[in-house]
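Student: Pasting a structure below so you can have a look.
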Amino acid sequence: MPNNFKVKTSGSIGATAHTVYTCPTGTQTTVIGLNLANILTTGITANVLFENADSDNISIIKNAPIPTGSALAPIGGTQKLVMEAGDLLKVSSSDSASIDCAISVLEVS
């Protein structure tokens, strides 16, 4: 079973939930880091939603504040997230085009 470290990025995420990662078919993924950067000159709030193949939607964070010039790392350090094939990770913000996102994963297929 090959292990592949990958990084995915998404820029200027806004108020509509944007899928930042989809676990591929035949793969299990460990999310080892998720960074959300506020790119505006005002404070915002961020949401991270996990949606599994059974359509269970849960919040990883909800309305978490990110001040101007700051970032939030809701996954990383001792916090990890395991995903199965078809699971989605989505990000949204309280303002349009306000979050840059980087997600680091380990895919096992």
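Position 10 (the sequence shown) corresponds to 10 in the working numbering; numbering is contiguous.
C-beta atoms are modelled at their ideal positions from N, C-alpha and C, and glycine is treated no differently.
Quantities reported herein were computed from a predicted structural model and do not represent experimental measurements.
Is the number of C-beta pairs between the segment 75 to 86 and the segment 27 to 46 that are closer than 8 Å three or more?
Tutor: They touch, by the three-pair rule.
Student: Compute the Euclidean distance between the alpha carbons of Thr25 and Ala97, then round it to the nearest angstrom.
Tutor: Each residue's alpha carbon lies about 30 Å from the other.
Student: Check Ser93 in the structure and name its three-state DSSP category.
Tutor: In this structure, Ser93 counts as strand in the three-state DSSP scheme.
Student: If you scan the segment 33 to 74 from start to end, which runs of the beta strand (DSSP E) of 3 or more residues do you find wholly inside it?
Tutor: Counting only runs of 3 or more, we get 44 to 51 and 57 to 66.
Student: Pick helix, strand or coil for Cys101, following the three-state DSSP scheme.
Tutor: In the structure shown, Cys101 sits in a strand (DSSP, three-state: E or B).
Student: Ser109 and Met1 look like a contact to me (Cβ under 8 Å); what is the Cβ gap, rounded to whole Å?
Tutor: That belief holds up - the Cβ atoms of Ser109 and Met1 are roughly 6 Å apart, short of 8 Å.
Student: Under 8 Å by Cβ, that's how I've got Val7 and Ala102 pegged, so tell me the actual separation to the nearest angstrom.
Tutor: Contact holds; Cβ gap of about 6 Å.
Student: Does DSSP classify Met1 as helix, strand or coil?
Tutor: Coil at Met1, not helix or strand.
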